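Data first, discussion second: the structure below is written as structure tokens.
In the numbering used here, the protein residues as written are 109 to 225.
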């Protein structure tokens, strides 16, 4: 059995957009290869998938936007459960795009270290 120094740090990145979102690439994704090279396990979890991101600012598509928003919300709820397996949660912008800091409060109550960007 290894000791704690053998264990890799695990970071869960909660970001608003898929890779197509420029802010994710600048604020998070450019650092992931470096962190991995230093032994840090990284997982980037966008709120929106690529399809949702592509239609978000288009006119109309209301039903489709509602559908993808609900899917994204369900996925973000699963991210709270997923966070239990990580040492740190890094939140770029916000964990959830509407309402107050509901997800952030839950992470705090889980006593999960959170980094806000």
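Quick reminder that beta carbons are idealized off the backbone N, C-alpha and C, glycines included. Bear in mind that the values here come from a model prediction, so they are computed numbers and not experimental data.
Residue environment analysis places residue 158 among the exposed positions, since fewer than 16 neighbouring C-beta atoms fall within 10 angstroms of its C-beta. Judged by beta-carbon spacing, residue 121 lies beyond the 8 angstroms limit of residue 134, meaning their Cβ atoms are not closer than that value. Of 129, 216, 201, 118, the smallest CA-CA separation from residue 160 is found for 129. Setting aside the 5 residues that flank it on each side, residue 200 is surrounded in the same chain by 123, 135, 136, 225, each with a C-beta closer than 6 angstroms to its C-beta; the list follows chain order.
Counting only runs of 4+ residues, the alpha helix (DSSP H) found wholly inside the stretch 165 to 219 occupies 170 to 191, 210 to 217, in chain order. Residue environment: residue 215 is assigned as buried (16 or more neighbouring CB atoms within 10 Å of its CB, all protein chains considered). Residue 167 has its alpha-carbon roughly 32 angstroms from the corresponding atom of residue 198.
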